[in-house]
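A.B. asks:
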Amino acid sequence: MEITLTHYLLLAMTVFLTGMVGFVVRRNAIVMLMCVELMLSSVNIVFAAYSRFHANADGHVFVLMNFAVAAAEAAIGLAILVEIFRRRRTVNVDDLKALME
Amino acid sequence: MESHATESLLRWIVLVPLLAAAVGGLLNRRLPKQVAGLLACGAVGVSFALSVTVFLRLTRMPAAERFVSDTMGTWIGFGNLQIDLGFTMDPLSGVMALVVTGVGFLIHIYSLGYMAHDEGFGRFFAYMNLFIFAMMTLVLGENMLMLFVGWEGVGLCSYLLIAFWFNDEANAAAGKKAFIVNRIGDFGFLLGIFLIGTTLLPHLAEGEGLFSFRTLQHHAGIMAPVATAICLLLFLGATGKSAQIPLYIWLPDAMAGPTPVSALIHAATMVTAGVYMVARMNFLFVLSPTAMGVVAAVGVVTAIFAATIALTQNDIKKVLAYSTVSQLGYMMLACGVGAFGIAIFHVMTHAFFKALLFLGSGSVIHAMSNEKDMRVMGGLKKKLPITFWTFLIGTLALAGIFPFAGFFSKDEILWKTFSSELGGVLPWALGFLAAGLTAFYMMRLVVLTFFGENRASAEVKSHIHESPATMTMPLVILAVLSLVGGWIGWPHFMGGGAWFEQWLAPVFSSGHGAAAHGAAVHGAAAGEAVHDTMMEWILAGASLAWGLIGLGVGYFVYMKKISIATSLRNLGGGVPYKILLNKYYVDEAYEGTFIRPGYLLSKNVLWKIVDAGLIDGLLVNGSALVVAITGSVLRLFQNGMVRFYAWSFTIGVTVFVLYLSFSG
Chain A
1180 MEITLTHYLL LAMTVFLTGM VGFVVRRNAI VMLMCVELML SSVNIVFAAY SRFHANADGH
1240 VFVLMNFAVA AAEAAIGLAI LVEIFRRRRT VNVDDLKALM E
Chain B
2 MESHATESLL RWIVLVPLLA AAVGGLLNRR LPKQVAGLLA CGAVGVSFAL SVTVFLRLTR
62 MPAAERFVSD TMGTWIGFGN LQIDLGFTMD PLSGVMALVV TGVGFLIHIY SLGYMAHDEG
122 FGRFFAYMNL FIFAMMTLVL GENMLMLFVG WEGVGLCSYL LIAFWFNDEA NAAAGKKAFI
182 VNRIGDFGFL LGIFLIGTTL LPHLAEGEGL FSFRTLQHHA GIMAPVATAI CLLLFLGATG
242 KSAQIPLYIW LPDAMAGPTP VSALIHAATM VTAGVYMVAR MNFLFVLSPT AMGVVAAVGV
302 VTAIFAATIA LTQNDIKKVL AYSTVSQLGY MMLACGVGAF GIAIFHVMTH AFFKALLFLG
362 SGSVIHAMSN EKDMRVMGGL KKKLPITFWT FLIGTLALAG IFPFAGFFSK DEILWKTFSS
422 ELGGVLPWAL GFLAAGLTAF YMMRLVVLTF FGENRASAEV KSHIHESPAT MTMPLVILAV
482 LSLVGGWIGW PHFMGGGAWF EQWLAPVFSS GHGAAAHGAA VHGAAAGEAV HDTMMEWILA
542 GASLAWGLIG LGVGYFVYMK KISIATSLRN LGGGVPYKIL LNKYYVDEAY EGTFIRPGYL
602 LSKNVLWKIV DAGLIDGLLV NGSALVVAIT GSVLRLFQNG MVRFYAWSFT IGVTVFVLYL
662 SFSG
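Chains as they are written, first to last, in this note's numbering: chain A, 1180 to 1280; chain B, 2 to 665.
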């Protein structure tokens, strides 16, 4: 079976929906962060696939840049979560309501 | 534009007093009195000398080209709107400049003596210099807007100087009254300027200064359709500044200021600004017979109205103030019948003798330890000989006795009123009547002040002394001017050359645009009325005799038979006397018709409804309420639930993407 662009897109959609559903249903902040990473990765798959099938390197460049952004974001996000955990002894987002109103 | 001579001295005529005002005003008490006085008098002296220099240059030019200008730059310039910052002098503004700086100089000298013991010496002279600056801007300004700047400037100085002794509440109130009443007139004046601007702006060529008097005169024809409206609005401004009915009420109250101020601002110069403005805009006024009629009517009614009030006043300065209002009425009458040159002639002679009379009254008040009530004066003839003789000359000039200055100008006004197409027998008769009343009340003033026995208390009596030389010298100079100043207008029928009128003739007869549109009126305006020498002699003789009768009756009644005055007072149950003494209750009428309703309107509507209800309630608190309600709704979304945010975010993005996908 030849692997076409559609297959890549279906894969990316599956990964993205997994991330999205995880993002809205889970309460653990670390898991939510990982779900965000999943969604970002699915976008990277789409970029790489289109790049490959249109024979255009621009998409690859974006993928590399996304890695950098994702790494930075994960670093900051984790750092914040570590700090929250130190103070509150929890990373359950339902308990983190200090910023309401 | 036609080319013309430039003269860079002009700006210094205006700027030197301003610099002196700035230095004197800023240093104020840090300057010794001698230095402050010298600075102020010196500045006006320099201004006068420069005015004479430029004026002499004008006299050496051919009659039709007498015009010098000094442009300092562009004031406002965008599109085809061009307004210059500059000064000009032509025969009309030249005469005014000489009168203002000349009489102003004498009054400054006089003030050295009069204000010598006053705490606000430096402040006084700074204001006086500022006034000279503003007045010269008004007179020499190249365009309407410069004139308006000067116009407002003299109003400000008038306010500052009326309320000079502001510790007394009454003085401060008089200052405010003058300022507010003038504002009403200025509002009309400003509307007139706007109307000129909107009418003229679309018709201007490149680089032509809007509002420049030359441009206005050149394009007078364009403004012909709205000339009546423009002139009436401008004239409203003139009634404020020149104290005509209905806005004259501030001038008598303005006597609260120091007497030199009354002499300079409220007799000789500022109050004639309205007459000057009307004369300056003559090319517009001649286009509108209606406006001319209004000017003449207001002038003559003011003349007789104020003269009757002056009959009964007991305050020496109030009599002179009403006399000034009355004389200003004569000037307006002259403008209204097209005799602009004569109006300016009367401005000049009046400046001499009225400044003299005010300064004389100042000398009297000085000697009487600040007493202004004539009922406690009397018998000052021996004690104040110089003041008495100069005052008498001023009185004779004001009463129009030959050969004093007032005779020539007043007689010419009456003759022009009688002979002009715009005048007639009725205005002449009213003016003639007012002339007799003038002679009568001036004689009453002289007798009550200088003749008979002194009625003051012993303490005041012991202090009576002739004023120092700085005060008497200006009196003598002004007395000489009041005697000979009229001779330059010696009329044709008496073998003279009417030189003054000829000198001004180019200003009043060169309305290019006006010639076509206002030909009918213009003949009269140029003073080309039918000459009837015989009639002129008769009228001149009649007004001279009438003036002498007025003086004689005044002398007889108040010197010999005071009982006549008493019985006159009780005539008709004393009602006419009471009406006159209370100035026809005009102040009370204004109080009832404008001030009280205005106050009630402000309090009940403007304050309680508009300010408290609309502005505070609706606008200020209302907008705060809208923000508060919006916030309380939006607050529901800020619940701190991270998963709620995540859901909102996801649903929002989904809806957005679906919309993009299916909307094509």
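The beta carbon of each residue, even a glycine, is placed where N, CA and C say it ideally should be. Here the structure is a predicted model, which is why all the values come from computation and not from measurement.
Please go through the region 387–411 of chain B and give each complete beta strand (DSSP E) segment of 3 or more residues, from N-terminal end onward.
C.D. replies: With a minimum length of 3 residues, no continuous beta strand (DSSP E) run stays inside the region 387–411 of chain B.
A.B. asks: Need the endpoints of the beta strand (DSSP E) that B:V621 sits in, please.
C.D. replies: Segment: none, B:V621 is in no beta strand (DSSP E) and carries neither H nor E.
A.B. asks: So who's on the other strand from B:Q503, going by DSSP bridges?
C.D. replies: Paired residues: none, contrary to the question.
A.B. asks: Can you check whether the CB of B:S564 is closer than 8 Å to the CB of B:D412?
C.D. replies: The answer is no: Cβ separation not under 8 Å.
A.B. asks: Contact criterion: CB-CB distance below 8 Å. Does A:L1188 meet it with respect to chain B?
C.D. replies: It does not; no Cβ of chain B falls within 8 Å.
A.B. asks: Pull up the CB-CB distance for B:T388 and B:S468, whole angstroms please, since I reckon it's below 8 Å.
C.D. replies: Between B:S468 and B:T388 the Cβ distance is about 7 Å, and since that is below 8 Å, they are a contact.
A.B. asks: Which of the three DSSP states, helix, strand or coil, is assigned to B:F212?
C.D. replies: DSSP places B:F212 in coil when its eight states are reduced to three.
A.B. asks: Are there three or more Cβ pairs, one per stretch, closer than 8 Å when the region 432–448 of chain B is compared with the region 544–557 of chain B?
C.D. replies: Yes, they touch.
A.B. asks: For B:F167, collect the residues of the same chain with a Cβ closer than 6 Å to its Cβ; drop the 5 residues on either side in sequence, then sort them by chain order.
C.D. replies: So the list reads A173, once near-sequence residues are dropped.
A.B. asks: Under 8 Å between C-beta atoms, does A:D1273 make it to chain B?
C.D. replies: Judged by the 8 Å Cβ criterion, A:D1273 is in contact with chain B.
A.B. asks: So the alpha helix (DSSP H) A:F1264 belongs to, where does it begin and stop?
C.D. replies: Per DSSP, A:F1264 belongs to the alpha helix (DSSP H) from D1237 to R1267.
A.B. asks: Counting only Cβ pairs nearer than 8 Å, list the residues of chain A close to B:T651.
C.D. replies: M1199, F1202 and V1203, listed in chain order.
A.B. asks: Quick one: what's B:S683 bridged to in DSSP?
C.D. replies: Nothing about residue 683 of chain B can be read from this structure; chain B reaches only from 2 to 665.
A.B. asks: Using CA coordinates, which residue listed in B:G593, B:V461, B:P18 and B:R570 is at the minimum distance from B:L582?
C.D. replies: Ranking B:G593, B:V461, B:P18 and B:R570 by Cα distance to B:L582 puts B:R570 first.
A.B. asks: Kindly say whether A:R1266, judged by its beta-carbon, lies nearer than 8 Å to any beta-carbon of chain B.
C.D. replies: No, A:R1266 lies away from the interface with chain B (no Cβ there is under 8 Å from its Cβ).
A.B. asks: Determine contact between the region 309–320 of chain B and the region 350–365 of chain B, defined as no fewer than three beta-carbon pairs at a distance below 8 Å.
C.D. replies: Cβ pair count under 8 Å is three or more, so yes.
A.B. asks: Show which residues of chain A have a CB atom less than 7 Å away from the CB atom of B:A647.
C.D. replies: Residues of chain A passing the Cβ test: F1202 and V1203.
A.B. asks: Across which residues does DSSP place B:I84 in a beta bridge pair?
C.D. replies: Paired residue(s): B:I77.
A.B. asks: Note down, one range per segment and in chain order, each alpha helix (DSSP H) of at least 4 residues found wholly within the region 84–134 of chain B.
C.D. replies: DSSP runs (the alpha helix (DSSP H)) wholly in the region 84–134 of chain B: 92–115.
A.B. asks: Which parts of the region 3–47 of chain B are runs of the beta strand (DSSP E), unbroken and 3 residues or longer, counting only runs that do not cross its ends?
C.D. replies: Entirely contained in the region 3–47 of chain B, not one beta strand (DSSP E) run reaches 3 residues.
A.B. asks: Quickly, what does DSSP pair B:D374 with across the bridge? List them, please.
C.D. replies: BP columns for B:D374 point to B:D316.
A.B. asks: Drop a sphere of 10 angstroms on the beta-carbon of A:E1181, count the other beta-carbons inside from all chains shown, and report buried for 16 or more, exposed for fewer.
C.D. replies: Answer is exposed; the Cβ neighbour count stays below 16.
A.B. asks: Bridge partners of B:N144, per DSSP?
C.D. replies: Paired residue(s): B:S213.
A.B. asks: Under the rule that 16 or more other beta-carbon atoms within 10 Å means buried, what is B:G363, buried or exposed?
C.D. replies: Label assigned to B:G363: buried.
A.B. asks: Checking contacts by CB at 8 Å: is A:R1231 closer than that to chain B?
C.D. replies: No, because no Cβ of chain B sits closer than 8 Å to the Cβ of A:R1231.
A.B. asks: Tell me whether B:Q83 counts as near the ligand GDP, meaning its Cβ is closer than 7 Å to at least one heavy atom of that ligand.
C.D. replies: By its list of ligands, the structure shown contains no ligand whatsoever, and the ligand GDP lies outside what it can speak to.
A.B. asks: Would the region 178–195 of chain B count as touching the region 240–250 of chain B if we require 3 or more Cβ pairs under 8 Å?
C.D. replies: They touch, by the three-pair rule.
A.B. asks: Would you give the residue range spanned by the alpha helix (DSSP H) that A:G1198 belongs to?
C.D. replies: L1184 to V1204 is the extent of the alpha helix (DSSP H) around A:G1198.
A.B. asks: So within the region 568–632 of chain B, which uninterrupted alpha helix (DSSP H) runs reach at least 4 residues, ignoring any that extend past its ends?
C.D. replies: Entirely contained in the region 568–632 of chain B, the alpha helix (DSSP H) runs reaching 4 residues are, in chain order, 576–582, 587–591 and 597–602.
A.B. asks: With 16 as the cutoff for other CB atoms within 10 Å, does B:W608 come out buried or exposed?
C.D. replies: B:W608 comes out exposed.
A.B. asks: What's the C-alpha gap between B:L329 and B:G342?
C.D. replies: Going by the C-alpha atoms only, they are around 14 Å apart.
A.B. asks: Have a look at B:S70 and B:S94 and give me their C-alpha separation to the nearest angstrom.
C.D. replies: Using only the alpha carbons, I get a separation of about 12 Å.
A.B. asks: Tell me whether B:I246 is buried or exposed, calling it buried when 16 or more other Cβ atoms sit within 10 Å of its Cβ.
C.D. replies: B:I246 should be labelled buried.
A.B. asks: Mapping the DSSP letters down to three states, classify A:N1271 as helix, strand or coil.
C.D. replies: The answer is strand: DSSP assigns A:N1271 an E or B state.
A.B. asks: Looking at the C-beta of B:R184, does it have a partner C-beta in chain A at a distance below 8 Å?
C.D. replies: With 8 Å as the cut-off, B:R184 does not count as an interface residue toward chain A.
A.B. asks: Going by C-alpha distance, which of B:R597, B:F451, B:W488 and B:F353 is nearest B:M375?
C.D. replies: Here the closest residue by C-alpha is B:F451.
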